[in-house]
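Residue numbers (my numbering): 1308 to 1448.
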């Protein structure tokens, strides 16, 4: 048999076995040492249905109404005004310009490193090409 009573210190409900009747017990809430009564001073725990205004948080029988599951696609970004849209487009354009400039510099650097061993050959070819162009001008003139 279970003995139910309130802790005189913290007023929390306590349950003990009847073997602890009229003996010292510690409250599990406030740790106060109290003497358990010989009989329950509290009635059985009230069911939630007996408490006025109490209702379960969720019930499988709850009415859902006319709820349809619809999916209209991913959420769209909306701007409060046109200036926010222009700012976003300007940031996007600036980012693209910076990336393209960095890629151009990287490509020029790589090309210079690849062609560095052949620099003298390229200069000789360029000189021959310029000489050939001047000869062509003399012939046509």
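Note that beta-carbon positions come from the ideal geometry of N, C-alpha and C, so glycine has one too. Since we're looking at a predicted model, the values are computed, not measured.
Beta-bridge partners of residue i, as assigned by DSSP
{"i": "residue 1313", "result": "1320"}
{"i": "residue 1482", "result": "Since the first residue of the chain shown is 1308 and the last is 1448, residue 1482 is not available in this structure."}
Limits of the unbroken alpha helix (DSSP H) element including residue i
{"i": "residue 1420", "result": "1389-1422"}
Residue i versus the options, residue with shortest Cα-Cα distance
{"i": "residue 1333", "options": "1325, 1321, 1326", "result": "1321"}
Own chain residues within Cβ distance below 6 Å of residue i, not counting five before or after
{"i": "residue 1319", "result": "1336"}
{"i": "residue 1356", "result": "With a pLDDT of 47 at residue 1356, under the threshold of 50, the modelled position of this residue cannot be trusted; read the value that follows with caution. Cβ neighbours of residue 1356 beyond the five flanking positions: none."}
{"i": "residue 1327", "result": "1343"}
Limits of the beta strand (DSSP E) - the one that residue i falls within
{"i": "residue 1331", "result": "1331-1333"}
Close-in-space but distant-in-sequence residues of the same chain around residue i (CB under 8 Å, 5 per side omitted)
{"i": "residue 1330", "result": "1342, 1343"}
{"i": "residue 1347", "result": "1309, 1310, 1311, 1312"}
{"i": "residue 1316", "result": "1334, 1337, 1339, 1341"}
{"i": "residue 1325", "result": "1308, 1309, 1310"}
{"i": "residue 1404", "result": "none"}
{"i": "residue 1414", "result": "none"}
Presumed contact (8 Å Cβ cut-off) between residue i and residue j, rounded CB distance
{"i": "residue 1429", "j": "residue 1420", "result": "That belief does not hold up - the Cβ atoms of residue 1429 and residue 1420 are roughly 14 Å apart, past 8 Å."}
Residues near residue i in its chain [Cβ-Cβ closer than 7 Å; skip 5 each side]
{"i": "residue 1314", "result": "1321, 1334, 1336, 1337, 1339, 1341"}
{"i": "residue 1345", "result": "1328, 1329"}
{"i": "residue 1418", "result": "none"}
{"i": "residue 1354", "result": "In this predicted model, residue 1354 has a pLDDT of only 43, less than 50, meaning its place in the structure is not dependable; the value taken from the coordinates is given anyway. Same-chain partners within the cutoff: there are none."}
Cβ of residue i within 8 Å of any chain C Cβ
{"i": "residue 1334", "result": "You won't find chain C in this structure, because it holds only one protein chain."}
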